[in-house]
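Asks: The working numbering applies: residue 1026 is where the sequence shown begins, and numbers increase by one.
Ideal placement from N, C-alpha and C gives every residue a C-beta, glycine not left out.
Keep in mind the model is a prediction, meaning the values are calculated, not measured.
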Amino acid sequence: MCIDCGCSAGSSHHHHHHHDDDVKRTIRVEEDLLAKNNRLAGANRQQLQQHDVLALNMVSSPGSGKTTMLECTLRALQQRYRFAVLEGDQQTDNDAQRIAATGVDVHQINTGAGCHLDAHMVGHGMEKFNLSSLDLLFIENVGNLVCPAAFDLGEDHKVALLSVTEGEDKPLKYPHMFRAADVMVLNKMDLLPYVNFDVERCKEYALRVNPDLVILEASCTAPDGLDCWYQWLEGRLQLRPQG
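1. Measure the alpha-carbon distance for Ser1190 versus Ser1085 and round it to whole angstroms.
2. Assuming contact is defined by CB atoms lying nearer than 8 Å, are Glu1096 and Thr1127 in contact in what I supplied?
3. By how many angstroms is the C-alpha of Phe1222 removed from the C-alpha of Ser1157?
4. Since Ala1247 contacts Asp1207 with CB under 8 Å, what's their CB separation in whole angstroms?
5. CA-CA distance, Arg1070 and Phe1154?
6. As an exercise, report each continuous beta strand (DSSP E) stretch of at least 3 residues that is fully enclosed by the region 1159-1212, in chain order.
7. Go through its chain and collect everything with a Cβ distance to Pro1200's Cβ below 6 Å, but skip five positions before and after it.
8. Just the C-alpha distance for Glu1193 and Lys1228, rounded to the nearest angstrom, thanks.
9. Asp1114 lies in the beta strand (DSSP E); which residues open and close that run?
10. Check whether the region 1157-1169 and the region 1103-1110 are in contact - that is, three or more C-beta pairs closer than 8 Å.
11. Exposed or buried, what is Cys1225 when buried is set at 16 or more other beta-carbons lying within 10 Å of its beta-carbon?
12. Where does Leu1079 fall in DSSP's three states?
13. Start and end of the alpha helix (DSSP H) containing Gln1256?
14. Going by alpha carbons, who is nearest to Asn1169 out of Gly1113, Ala1144, Asp1181?
15. Could you pull the DSSP bridge partners for Glu1242 from this structure?
16. Taking just the CA atoms, how far does Asp1237 sit from Leu1099?
17. Can you tell me which of the three DSSP states Val1084 falls into?
18. With a Cβ-Cβ cutoff of 8 Å, do Met1083 and Cys1245 count as a contact?
19. Just to confirm, are Ala1185 and Phe1203 a CB contact at a threshold of 8 Å?
20. On the DSSP bridge assignment, give the partners of Val1131 in chain order.
21. According to the Cβ coordinates, are Asn1135 and Gln1115 closer than 8 Å?
22. Relative to the C-alpha of Glu1259, which residue among Val1147, Leu1102, Leu1059 is closest?
23. Can the beta-carbon of Asn1063 be found less than 8 Å from the beta-carbon of Asp1177?
24. To the nearest whole angstrom, what separates the beta carbons of Leu1187 and Asn1212, a pair I think is in contact under 8 Å?
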């Protein structure tokens, strides 16, 4: 359930004399929902900080390349850092199987009809791991640029992926997500010769929405295509307290 797509209080519209009261009641339910989520997110964050675990909430449209980028990242860096992954999808454990093939611990969270992860789901997912043996927890959210924007999971950073096949105006169409994100990864840069995508215009749109946004260019297939991402990631890991 969430306030962004309207799935929190039923989608059918009824005309009756108490419409204003229903609207107020819906707003109160939505506010209570977010307040509860924020409390749980705070508890998640406190637990992660107690164990010096960096947590990243990976968000994007479906098909932007989150899982592939995670596979590459885990294989490249798992000899130096200790990872775990919470994998969010409405159905199937297909992506979790891909992550498991890297040798990294993964737990699947299926949301069913839900369009995003919430702090309650993530808190229970964290119970599947020994946090004291981790450096970084990746949370791969459900593919959706709307609903995950409003839901804090207890992460240190939201990382939004945008592939060059999607169109450079995505930050303007989905401003809440790019405003909530700390990092935008422009992914699939190797496809630029084959698509009509203006990189500089996309960056300008993104910074118009969020002037503090860190923008990284990435390709999971080009040699050294994830170097900037790895450098940012290792920089964040090195800022964590040393146990």
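Replies: Result, derived from the coordinates:
1. In the sequence as displayed, the identity of residue 1190 is Thr instead of Ser. Taking the straight line joining both Cα atoms gives about 13 Å.
2. yes
3. 43 Å
4. That pair is no contact at about 24 Å.
5. 15 Å
6. 1161-1165, 1182-1188, 1208-1212
7. Val1234
8. Whole-angstrom Cα-Cα distance: 8 Å.
9. In the DSSP assignment, Asp1114 falls within the beta strand (DSSP E) that extends over 1108-1114.
10. yes
11. According to the sequence as given, residue 1225 is Glu; it is not Cys. Glu1225 is exposed by the Cβ-count criterion.
12. strand
13. 1252-1263
14. Gly1113
15. Leu1211
16. Between Leu1099 and Asp1237, the alpha-carbon positions lie close to 27 Å from each other.
17. strand
18. no
19. yes
20. Val1110
21. yes
22. Leu1102
23. yes
24. 7 Å
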